[in-house]
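*Asks:*
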Amino acid sequence: MLEVARLIRLRQDYRLSSQIVGAALGIANNIAESHGAQSRADFISKLKIAHKELLELEALSIHFNSNNGVKNLRLETMYDLMEEVGKLLTASISTAIRNRKSSN
Numbered sequence: 190m191l192e193v194a195r196l197i198r199l200r201q202d203y204r205l206s207s208q209i210v211g212a213a214l215g216i217a218n219n220i221a222e223s224h225g226a227q228s229r230a231d232f233i234s235k236l237k238i239a240h241k242e243l244l245e246l247e248a249l250s251i252h253f254n255s256n257n258g259v260k261n262l263r264l265e266t267m268y269d270l271m272e273e274v275g276k277l278l279t280a281s282i283s284t285a286i287r288n289r290k291s292s293n
């Protein structure tokens, strides 16, 4: 994702590049914070925030691609990675919610 941000910077769209880096870091940071969650609810909240950051990153990537028409292996790899991370986050959130309900 950072490689794609560099590619965007080369096109001198610094604002979009900064937003992409921020969203990518937001995903990683919230996943990391979830490991130190104070409760299951806090854990779920952190993962939901990470998922929202992922949706933002997807939207920014689509915006960049539609405005620049870039067909790039890095972009394709990034889309594949975002899809995989999205599936992992969704499964983790669903499992945590299911486990929270069963422990009550």
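Numbered according to the numbering used here, the sequence shown spans residues 190 to 293.
From the three backbone atoms N, C-alpha and C, an ideal C-beta is built for every residue, glycine too.
Please read all numbers here as calculations on a predicted model, not as lab measurements.
Along the chain, where does the alpha helix (DSSP H) containing A226 start, and where does it finish?
*Replies:* Taken as a continuous stretch (DSSP letters only), A226 belongs to no alpha helix (DSSP H), as it is neither H nor E.
*Asks:* Ordered along the chain, which non-local residues of its own chain (more than five positions away) have a Cβ less than 8 Å from that of R289?
*Replies:* If we look at R289 and ignore the five residues flanking it on each side, its Cβ neighbours are R229, A230 and I233.
*Asks:* Verify whether the separation of the beta carbon atoms of M267 and S255 is less than 8 Å.
*Replies:* No, the Cβ-Cβ distance between M267 and S255 is not below 8 Å.
*Asks:* Measuring CB to CB, does A213 end up less than 8 Å from L246?
*Replies:* Going by C-beta atoms, A213 is nearer than 8 Å to L246.
*Asks:* Do you know how far the Cα of N218 is from the Cα of A280?
*Replies:* Answer to the nearest angstrom: the Cα atoms are 19 Å apart.
*Asks:* Measuring alpha carbon to alpha carbon, tell me which of G275, S292, D202 and S283 ends up nearest A239.
*Replies:* When each option's Cα is compared against that of A239, the closest is G275.
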